[in-house]
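Peer 1: Numbering (my numbering), first residue to last: 13 to 480.
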Amino acid sequence: MEQIKRSPIKDLLMPTGESPVGRQVNVKGWVRTKRGNKNVAFIALNDGSIIHNIQIVADVQRFGEDALKPITTGACLSVNGTLVKSQGQGQQVEIQANEILVYGSADPETYPLQKKGHSLEFLREIAHLRPRTNTFGAVLRMRHAMAFAIHKYFNDKGFYNIHSPIITASDAEGAGAMFRVTTLDAKNPPLKEDGSVNFAEDFFGKPTSLTVSGQLEAELGALALSNVYTFGPTFRAENSNTPRHLAEFWMIEPEMAFYDINDDMDLAEDFLKFLVRYALDNCMNDLQFLNNMYDKELIERLQFVVDNKFERLTYTEAIGILIESNQIWEFPVSWGSDLQAEHERYLVEQHFKKPVILTGYPIGIKAFYMKQNDDGKTVRAMDVLFPRIGEIIGGSQREEEYDILYKRIKDLNIPEEEMWWYLDTRRFGSAPHSGFGLGFERLMLFVTGMTNIRDVIPFPRTPQNAEF
Ligand code: ATP
Ligand code: MN
């Protein structure tokens, strides 16, 4: 086969410079469909560079029927040919094939992705092949675009990316149940005299787990570099089989010295708007597909979020609205209890009809490190609530006063010996600071219009499921 440099299909369908029509080109990719007649075969080829396929036109006489036989849905090809203006409808250009090499065939009897639409549930069972569908191609390209946009946003603002550890010996964050990390023999662990497991003999010499959040370490970074962010995997052994929870998910946690809770909210709103705008500006091919296939209001909803100011109110005001609403709730509403998804979605979707930021939560339902208000009852926490998602961001101003933080740690029976390094930051050069955590897959749910979090991460980890 003649050596011609491979062109990504995107570059042929949407050239940025001079038109490539008339050129000898090579494309490589996977067959989506083949149709045709005795004289000519039309092969739709996709290489993932863009949602659209390129049409390959193969003259049956020239190649011979037998040579075209292994070209079935799912097969991988390399094609040399001339890029020409298309005579047919549905595409601007196509490739008149000169040479076709089949890298890998795909038995039509057993290849699970035939051309008809498959349910998202079925595709989860073949997560190793679902990247080859239009839907997951779109989701994965957008996932990349959002990850890139996150780094761009913070880099442009002078934030430094901090790599917080994945294995941790502290479970103080209290954000969720943790996964134990150990090299001890599960059947026969070393025991102490009292019969409990002797973790002194474990790999790290003490009990360790996978992190639920990088925040505490991000704070250490912020109290030296001023503005930092983490972007890494986090793990929660919460046995909640919901469409919005994963056992392994990615979180973005900016942490800023000299920011109060209002600065924190301003950053969160600006950040989310930047990301949604980035999706609109850079992912329109994929968005249009998702809009047509899954969610006819997707693009409109994204535009709405970019254009409108988020509603800000206190938890106490929100409780008042929920009580006055006369809705029938599954979980009763009362001051002091945590808001459930049904309450959050009522505020966002029914009452305000726009994103909402709640602040001033009761001290009893929030984490130990949040800055206490003078009322003695509430903390400077903030949650950003989005349509269809509920909580997308959780954050707070942090308690920077040593005495108050120390008392809170004692009151909650958090082991001081696990927290000495964190407390040290309040002993040496403490500073007001704030931060928040954005769940990356919650963002992905919002920007793609998908409804199940298992469909916005390549290989989801949920209770009873760690395949692939
Ligand atoms: P939720 O109440 O929805 O369980 P949370 O209060 O436990 O959330 P935080 O501990 O504040 O959440 O975590 C910060 C962000 O991480 C959340 O706002 C959300 O976007 C995301 N998040 C939390 N838990 C999960 C999970 N299990 N799977 C995916 N994303 C999550
Ligand atoms: Mn949770």
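The beta-carbon is built from N, C-alpha and C at its ideal position, and this holds for glycine as well. Here the structure is a predicted model, which means the values were calculated and not measured.
Using alpha carbons as the reference points, say which of Met154, Ala159, His156, Ala118 lies closest to Leu141.
Peer 2: Checked all of Met154, Ala159, His156, Ala118; the closest Cα to Leu141 is Ala118.
Peer 1: So what does DSSP say about Asp395, is it helix, strand or coil?
Peer 2: Of the three classes helix, strand and coil, the one that applies to Asp395 here is strand, per DSSP.
Peer 1: Bridge partners for Cys88 per DSSP, in chain order?
Peer 2: According to DSSP, which records beta bridges pairwise, Cys88 is partnered with Trp42, Gly116.
Peer 1: Here's the rule: buried if 16 or more other CB atoms are within 10 angstroms of the residue's CB, otherwise exposed. What is Asp423?
Peer 2: Under this definition Asp423 is an exposed residue.
Peer 1: Please confirm whether Ile404 and Leu455 have their CB atoms less than 9 Å apart.
Peer 2: Yes, they are a contact pair.
Peer 1: Count the other C-beta atoms from every protein chain shown that fall within 10 angstroms of the C-beta of Asp298, then say buried if there are 16 or more, exposed otherwise.
Peer 2: Buried is the call here.
Peer 1: Just confirm the distance between the C-beta atoms of Asn110 and Gly93, as a whole number of angstroms; I'd bet it's less than 8 Å.
Peer 2: Indeed they touch by this definition, with Cβ atoms about 5 Å apart.
Peer 1: In angstroms, rounded to a whole number, what distance separates the CA positions of Val193 and Phe215?
Peer 2: Each residue's alpha carbon lies about 9 Å from the other.
Peer 1: Starting from Thr122, trace the alpha helix (DSSP H) in both directions and tell me its first and last residue.
Peer 2: Taken as a continuous stretch (DSSP letters only), Thr122 belongs to no alpha helix (DSSP H), as it is neither H nor E.
Peer 1: Write down every uninterrupted run of the beta strand (DSSP E) in the stretch 325-412 whose length is 3 residues or greater and which is fully enclosed by it, in chain order.
Peer 2: Counting whole runs of 3 or more residues, the stretch 325-412 contains the beta strand (DSSP E) stretches 368-374, 390-398, 402-409.
Peer 1: Would the C-beta of Gly188 count as close to the ligand MN, meaning under 8 Å from any of its heavy atoms?
Peer 2: Yes, the Cβ of Gly188 comes within 8 Å of a heavy atom of the ligand MN.
Peer 1: Would Phe286 and Val396 be called neighbours here (beta carbons separated by less than 9 Å)?
Peer 2: No, Cβ-Cβ distance for Phe286 and Val396 is not below 9 Å.
Peer 1: Could you give the C-beta distance for Phe171 and Pro444, rounded to a whole number, given that I count them as a contact under 8 Å?
Peer 2: Rounded, the Cβ-Cβ distance is 17 Å, inconsistent with contact.
Peer 1: With H, G and I counted as helix, E and B as strand and the rest as coil, what does DSSP make of Glu213?
Peer 2: Residue state, collapsed to three classes: helix.
Peer 1: Nearest CA to the CA of Thr223: which residue from Ala230, Ile264, Pro177, Thr254?
Peer 2: When each option's Cα is compared against that of Thr223, the closest is Pro177.
Peer 1: Using a 10 Å radius around the Cβ and a threshold of 16 neighbouring Cβ atoms, would you call Arg47 buried or exposed?
Peer 2: With fewer than 16 other Cβ atoms within 10 Å, it is exposed.
Peer 1: Measure the C-alpha to C-alpha separation of Leu292 and Asp276 and round it to an integer number of angstroms.
Peer 2: C-alpha separation (whole angstroms): 25 Å.
Peer 1: So the candidates are Pro399, Gly402, Val391, Glu429; which of them puts its Cα closest to the Cα of Glu412?
Peer 2: Comparing Cα positions, the closest option is Val391.
Peer 1: State the Cα-Cα distance for the pair Asn49 and Gly449, rounded to the nearest angstrom.
Peer 2: Those two C-alpha atoms are separated by around 56 Å.
Peer 1: For Tyr123 versus Thr84, is the C-beta distance shorter than 9 Å?
Peer 2: Closer than 9 Å, so yes.
Peer 1: Would you say Arg357 touches the ligand MN, meaning its beta carbon is less than 8 Å from a heavy atom?
Peer 2: Incorrect: Arg357 has no Cβ contact closer than 8 Å to the ligand MN.
Peer 1: Mapping DSSP to helix, strand and coil, what is Met516?
Peer 2: With the chain covering only 13 through 480, there is no way to say anything about residue 516.
Peer 1: From Ala249 to Gly441, what does the alpha carbon distance come to, in whole angstroms?
Peer 2: Cα-Cα distance, rounded: 35 Å.
Peer 1: Please classify Arg439 as buried or exposed, where buried requires at least 16 other C-beta atoms within 10 Å of its C-beta.
Peer 2: Exposed: under 16 other Cβ atoms inside 10 Å.
Peer 1: State yes or no: is the C-beta of Phe261 within less than 9 Å of the C-beta of Thr246?
Peer 2: Yes, they are a contact pair.
Peer 1: If we ignore side chains and look at the alpha-carbon of each, how far apart do Leu417 and Asp59 end up?
Peer 2: In a straight line, the C-alpha of Leu417 is about 54 Å away from that of Asp59.
Peer 1: My assumption, with CB atoms under 8 Å, is that Leu258 sits in contact with Arg473. Please give the rounded CB distance.
Peer 2: Indeed they touch by this definition, with Cβ atoms about 6 Å apart.
Peer 1: Any chance the CB of Arg248 is under 8 Å from a heavy atom of the ligand MN?
Peer 2: Yes, the ligand MN has a heavy atom inside 8 Å of this Cβ.
Peer 1: Are at least three pairs of beta-carbons, each pair with one atom in the stretch 324-332 and one in the stretch 364-381, less than 8 Å apart?
Peer 2: Because the criterion of three Cβ pairs below 8 Å is met, the stretch 324-332 and the stretch 364-381 touch.
Peer 1: Are Leu235 and Asp467 close, meaning C-beta to C-beta below 9 Å?
Peer 2: In this structure, Asp467 does not lie closer than 9 Å to Leu235 by Cβ.
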